[in-house]
Amino acid sequence: MSDLDEPVIGIDLGTTNSAVAAVLDGAPRIIPSRTGQALTPSVVALARNGKQLVGHIAKRQALTNPEGTVFAAKRLIGRRWGSREVEDARSVLPYSLVAGPQGQDVRVRLGDRTLSVPEISALVLAELRADAEVFFGRSVSRAVITVPAYFNDGQRQATKDAGRIAGLEVLRILNEPTSAALAHGYGKTLEKRVVVFDLGGGTFDVSVLDVAKGVYDVVAVGGDTYLGGEDFDRRVIDFLSEAFAAEHGLDPRAEPMALQRLRDAAEAARCALSSVNEAAIHLPFLVNAGAGRPALHLETILTRSKLEELTRDLVDRCLETTARTLRDANVKPAQVDEVLLVGGMTRMPRVGAAVRAFFGREGSRGVHPEEVVALGAAVQASALTSPRPTERELLLLDVTPHNLGIMVVGGWFQTIIPRNTTVPTSQTHVFTTSRDDQASVRIAVLQGGSDKASENEPLGEFVLKGIRKAARGAVEVEVTFEISADGIVAVSARDLASGQRQSIQVTATSGLGEEELRQILDERAGDLLAARQASAEVERRRSASGVTAAEIEQLLPAMALKLERAGIGDDAVVQARALLGRARSAIEVGDGAALASLEERLERTLQLARGLAGSIDGGDGGGGDGRGGG
Amino acid sequence: MPGAPPTQRSSVSSPQATGEVDLTAEEQRTLRELDARLPGLTHWDVLGISWNAPVDAARAAYLDRARELHPDRHAGRRLGPFLPILERLFRAATAAREVLCDEGRRATYARETAPPDELSRAESVRRSEAARSAERRARLARATPLVARATRVQELLRRGKEAMAEGRFGQASADLLTAAGLDPHHAEAGALASEAKRRAGGERARDRHQEGLRAEAAGQGAAALELYREALAADPANPRHAIAAARAALGLGQHAEATELARAAVAQAPGFARAHEALGEALTAEGRTKEALRALERALELDPALKGVRALARKLRWSFLG
Numbered sequence: 165m166s167d168l169d170e171p172v173i174g175i176d177l178g179t180t181n182s183a184v185a186a187v188l189d190g191a192p193r194i195i196p197s198r199t200g201q202a203l204t205p206s207v208v209a210l211a212r213n214g215k216q217l218v219g220h221i222a223k224r225q226a227l228t229n230p231e232g233t234v235f236a237a238k239r240l241i242g243r244r245w246g247s248r249e250v251e252d253a254r255s256v257l258p259y260s261l262v263a264g265p266q267g268q269d270v271r272v273r274l275g276d277r278t279l280s281v282p283e284i285s286a287l288v289l290a291e292l293r294a295d296a297e298v299f300f301g302r303s304v305s306r307a308v309i310t311v312p313a314y315f316n317d318g319q320r321q322a323t324k325d326a327g328r329i330a331g332l333e334v335l336r337i338l339n340e341p342t343s344a345a346l347a348h349g350y351g352k353t354l355e356k357r358v359v360v361f362d363l364g365g366g367t368f369d370v371s372v373l374d375v376a377k378g379v380y381d382v383v384a385v386g387g388d389t390y391l392g393g394e395d396f397d398r399r400v401i402d403f404l405s406e407a408f409a410a411e412h413g414l415d416p417r418a419e420p421m422a423l424q425r426l427r428d429a430a431e432a433a434r435c436a437l438s439s440v441n442e443a444a445i446h447l448p449f450l451v452n453a454g455a456g457r458p459a460l461h462l463e464t465i466l467t468r469s470k471l472e473e474l475t476r477d478l479v480d481r482c483l484e485t486t487a488r489t490l491r492d493a494n495v496k497p498a499q500v501d502e503v504l505l506v507g508g509m510t511r512m513p514r515v516g517a518a519v520r521a522f523f524g525r526e527g528s529r530g531v532h533p534e535e536v537v538a539l540g541a542a543v544q545a546s547a548l549t550s551p552r553p554t555e556r557e558l559l560l561l562d563v564t565p566h567n568l569g570i571m572v573v574g575g576w577f578q579t580i581i582p583r584n585t586t587v588p589t590s591q592t593h594v595f596t597t598s599r600d601d602q603a604s605v606r607i608a609v610l611q612g613g614s615d616k617a618s619e620n621e622p623l624g625e626f627v628l629k630g631i632r633k634a635a636r637g638a639v640e641v642e643v644t645f646e647i648s649a650d651g652i653v654a655v656s657a658r659d660l661a662s663g664q665r666q667s668i669q670v671t672a673t674s675g676l677g678e679e680e681l682r683q684i685l686d687e688r689a690g691d692l693l694a695a696r697q698a699s700a701e702v703e704r705r706r707s708a709s710g711v712t713a714a715e716i717e718q719l720l721p722a723m724a725l726k727l728e729r730a731g732i733g734d735d736a737v738v739q740a741r742a743l744l745g746r747a748r749s750a751i752e753v754g755d756g757a758a759l760a761s762l763e764e765r766l767e768r769t770l771q772l773a774r775g776l777a778g779s780i781d782g783g784d785g786g787g788g789d790g791r792g793g794g
Numbered sequence: 013m014p015g016a017p018p019t020q021r022s023s024v025s026s027p028q029a030t031g032e033v034d035l036t037a038e039e040q041r042t043l044r045e046l047d048a049r050l051p052g053l054t055h056w057d058v059l060g061i062s063w064n065a066p067v068d069a070a071r072a073a074y075l076d077r078a079r080e081l082h083p084d085r086h087a088g089r090r091l092g093p094f095l096p097i098l099e100r101l102f103r104a105a106t107a108a109r110e111v112l113c114d115e116g117r118r119a120t121y122a123r124e125t126a127p128p129d130e131l132s133r134a135e136s137v138r139r140s141e142a143a144r145s146a147e148r149r150a151r152l153a154r155a156t157p158l159v160a161r162a163t164r165v166q167e168l169l170r171r172g173k174e175a176m177a178e179g180r181f182g183q184a185s186a187d188l189l190t191a192a193g194l195d196p197h198h199a200e201a202g203a204l205a206s207e208a209k210r211r212a213g214g215e216r217a218r219d220r221h222q223e224g225l226r227a228e229a230a231g232q233g234a235a236a237l238e239l240y241r242e243a244l245a246a247d248p249a250n251p252r253h254a255i256a257a258a259r260a261a262l263g264l265g266q267h268a269e270a271t272e273l274a275r276a277a278v279a280q281a282p283g284f285a286r287a288h289e290a291l292g293e294a295l296t297a298e299g300r301t302k303e304a305l306r307a308l309e310r311a312l313e314l315d316p317a318l319k320g321v322r323a324l325a326r327k328l329r330w331s332f333l334g
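These protein sequence lines are chains E and L, in that order. In short: position in the first sequence from 1, add 164, done, that's this note's numbering. In short: position in the second sequence from 1, add 12, done, that's this note's numbering.
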């Protein structure tokens, strides 16, 4: 499906921003978007006119279209409907969430459509893929996509699904902190113990790695998939809103547009406070106070110390997680050779100071903490596709972030593969029947850190069916639990006595079912067909416009001569030349929309030119009245 | 495409179908051999290091192994049947790393997997070390009297305890008393010594008493009296020795002596009827009727079943009245 020389890309699919990178001439580089930016906001919108928007353009219109703008989808991906995180999100997000068809996953209402979260993320991925295709001038179909190290199986699987929907073969789901370490160590020969402290828009991750001989050996990972810049902003929003409510008796959070303006202002103020001590917040006409009364304004100043006070416990949570992870790795803060700061939130001075206090050393930060993850993904993508492993190349040994186990009698959780086990890995477990002639065994597989099954994340239920009839305890079924290098779980089973493989039925508890995914992929194939038809249409326009333009050009000298003789002036000729210029560039790049808008004017100009070239009494030459198309 | 879910595997070129593998014949042979030998290999073998190699060596070896065996290092190659082999070998290497890169687990594993000649070598080392330390102690003891005394006390204490456990109380008491004498502040030695002494006395007294009974039966009253006296000296707390001695004295006609011994028995065990009986008999022989009657009545009070006592008392009462 893809030739081997085709470029491979690394994508950092972030909570607030995403980026795409590739290894070019031996070094990883960010691929700019078609509008020239390094970062693309992870925002998807359905505009009022029904157009689907992604990235900057979607973010810009968020203010006027809060219900139709989806952001921070990463916080919902692979989550179960009814989970604490989803309930939390429903209470603060301006767009509306509904339960999936099985009532298990989360769907987003966008206009009259209901989209799964992987489909939303796929739109962002497709945008980045298109950026890369324009950059390389050829198709791109293989990618490494990063996720927070602390993502569980459901979240990884859903991210991989998003990649497939975007038409990408996902070579690897890579952990973000590991990715940052890869980018950091690229082209150097490191021999040290590195801690990656990654505080991004929505998630916090910490990883301990031993780097030696080009092998990046992850010792332990930890994190919190619900702690990031969004939470810092929310503290600011709540603080501003409560102060406002105390003064005016109205809560601005109740109004979607006011909430969106507050959100933007909070983010801007939080970023500004990383370099200055005070940030002014002006939100005029924030809340409509009702008929006949003037609108209310929010005018205040947020100081850095106030921000730090509001978010102190969030920073403390990061440090607690860090301490726990170091304990898991059996490493003391003083034994760490380098602390790598990743994610936009690490720009906050209080975060840097907390890291310094904890490790007793300054954290090191690349030039762009927001870009380093995508760069690392590009490095890994390149390593996974190079035809022959060479000396320069690296090897990544990652670990599974959560205990994997099953539910046993009494609702307890029995760990089968403990967390921080190097992947790929597998473990077998023998089950016996507990009743005579038992035909099936139901096994609930979970991930998490609690002894109680109910407090862990269910991955799925596996039903072993068609077990041969025998007295209880006589049938032994060996179940193999596998975790791939992506951190994704697979289960298989066989009857120990007969050696026969058991069929396993998987009931996914989150994300898309295989059938639904296929349906979405089919739909997308339909979209592709439409796109291909559209490109045929563009071709037709190109050739038609080309013919028209050539004829106009031929007639132009005669037309100019006639006008000059008549003493009318060369306005019409100048406009016709400008039109021709625009048409030529549109033909060259194959800009279908521009061609469509130019078509009619070209036709009119041609008629005019024909008329003028034939005789001089043909009106005033209204050849180019329009503004630039496209 | 290692690690990809089965759904994606089908979209990549399938080497199983073509049977072609992008590995050299040499690589294929090495992997096959290693895989076949895997069940019998120790963690040391898997990493290719010698038994008891240090953690650093194990770590370095693991990194090398990972670079050879991790499926990612072969990404993009057709591996066919070698993919599961690589995965199996990589897992074995990781399992070896888990043990050998952890100081505690490594040490335990090294003991468990020590080669036989290593085991005997370790044993002989242990023995010669034990012998050397004993010699060192002896040398030290010769050099300083204080250490010598402490060593001697320890030795006596050990032997004494042993003897006590085996019921040789005489031996135990001798050793323990010596120990207590050498080190008067040694609380354990003192306590054990008095216990051993008490038990040893009881033992000796029992022996003498038996001999006394035999002598008496043989009609050697004087010898019997002497033996009973010895038994009494060895175990003064037991009234039976005194009573037996009093009877023997009575038989020899030494009435005053008998009374004295019987009084000692009564003093030792005022609630023992036989002691009062013996005293009554002795006093009767001395002709101290009133006192004898009081002793006999006391004996009857304690044990009304004593027929001889009742008869003697009746006779005394009548003679007293008459």
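Yeah, the Cβ is synthetic: ideal placement off N, Cα and C, and Gly gets one too.
Residue R425/E holds the alpha-carbon nearest to the alpha-carbon of L447/E among V218/E, R425/E, R599/E and A436/E.
Taking 3 residues as the minimum length, the beta strand (DSSP E) runs contained wholly in the region 314-353 of chain E are 333-339, in order along the chain. In this chain, L292/E is not harboured by any beta strand (DSSP E); it is covered by the alpha helix (DSSP H) spanning V281 to F300.
Of all residues in the region 103-132 of chain L, the ones placed with a Cβ closer than 7 angstroms to any Cβ belonging to chain E are R103 and T106, in chain order.
Three or more pairs of CB atoms, one per stretch, sit closer than 8 angstroms, so the region 125-134 of chain L contacts the region 60-69 of chain L. Contact check for A217/L and D247/L: beta-carbon distance about 3 angstroms, within the 8 angstroms limit, so the pair qualifies.
Contacts with chain L at 9 angstroms (Cβ-Cβ) do not include L660/E. Beta-bridge partners assigned by DSSP to K616/E: W576/E. Per DSSP, reduced to three states, the secondary structure at T179/E is coil, with no helix or strand assignment. For A459/E, the closest alpha carbon among the candidates V451/E, L466/E and R398/E is that of V451/E. For V379/E, the nearest CB of chain L lies under 9 angstroms from its own CB, placing it at the interface with that chain. Annotation: Cβ neighbours of T586/E in chain L (cutoff 7 angstroms, chain order): T106. DSSP lists Q611/E as the bridge partner or partners of E621/E. In this structure P565/E touches Y314/E by the C-beta definition: roughly 5 angstroms separates them, less than 8 angstroms. Of the candidates R302/E, Q321/E and G365/E, the residue whose Cα lies closest to the Cα of G624/E is Q321/E. For P83/L, the closest Cβ of chain E is nearer than 9 angstroms.
At a C-beta separation below 7 angstroms, A78/L has these neighbours in chain E: V379, L559 and L561. By the Cβ-count criterion, G540/E is buried, with 16 or more other Cβ atoms from all chains shown falling within 10 Å of its own Cβ. Runs of the alpha helix (DSSP H) lying entirely within the region 471-546 of chain E and spanning at least 4 residues, in chain order: 476-493 and 513-523. Against E99/L, the close residues of chain E are P588, in the order they occur along the chain (beta-carbon pairs closer than 7 angstroms). DSSP places A443/E within a strand segment (E or B) once states are collapsed to three.
Sixteen is the threshold: when 16 or more other Cβ atoms of the shown chains lie within 10 Å of the Cβ of P341/E, as they do, the residue is buried. In the DSSP assignment, the residues bridged to A307/E are I173/E and V334/E. DSSP places K633/E in the coil class of the three-state scheme, outside both helix and strand. Around the beta carbon of R198/E, fewer than 16 other beta carbons sit within 10 angstroms, so the residue counts as exposed. Taking 9 angstroms as the threshold, the shortest C-beta distance from G172/L to chain E does not fall below it. Contact between the region 494-505 of chain E and the region 514-526 of chain E is present: three or more C-beta pairs spanning the two stretches fall below 8 angstroms.
Contact between L404/E and I465/E fails: their C-beta atoms lie close to 11 angstroms from each other, not under 8 angstroms. Boundaries of the beta strand (DSSP E) around L466/E: L460 to T467.
The beta carbon of T549/E sits closer than 9 angstroms to some beta carbon of chain L. Bounds of any beta strand (DSSP E) do not take in D402/E; it lies within the alpha helix (DSSP H) bounded by G393 to H412. By the neighbour-count criterion, in which a residue is buried when 16 or more other Cβ atoms sit within 10 angstroms of its Cβ, H82/L is buried. Proximity of the region 643-655 of chain E to the region 330-340 of chain E meets the contact definition, three or more beta-carbon pairs being nearer than 8 angstroms. Residue-level contact check: G92/L does not touch chain E, since none of the beta carbons of chain E fall below 9 angstroms from its beta carbon. In the structure shown, the three-state DSSP call for F102/L is helix. The Cβ-Cβ distance between G88/L and E32/L does not fall below 9 angstroms.
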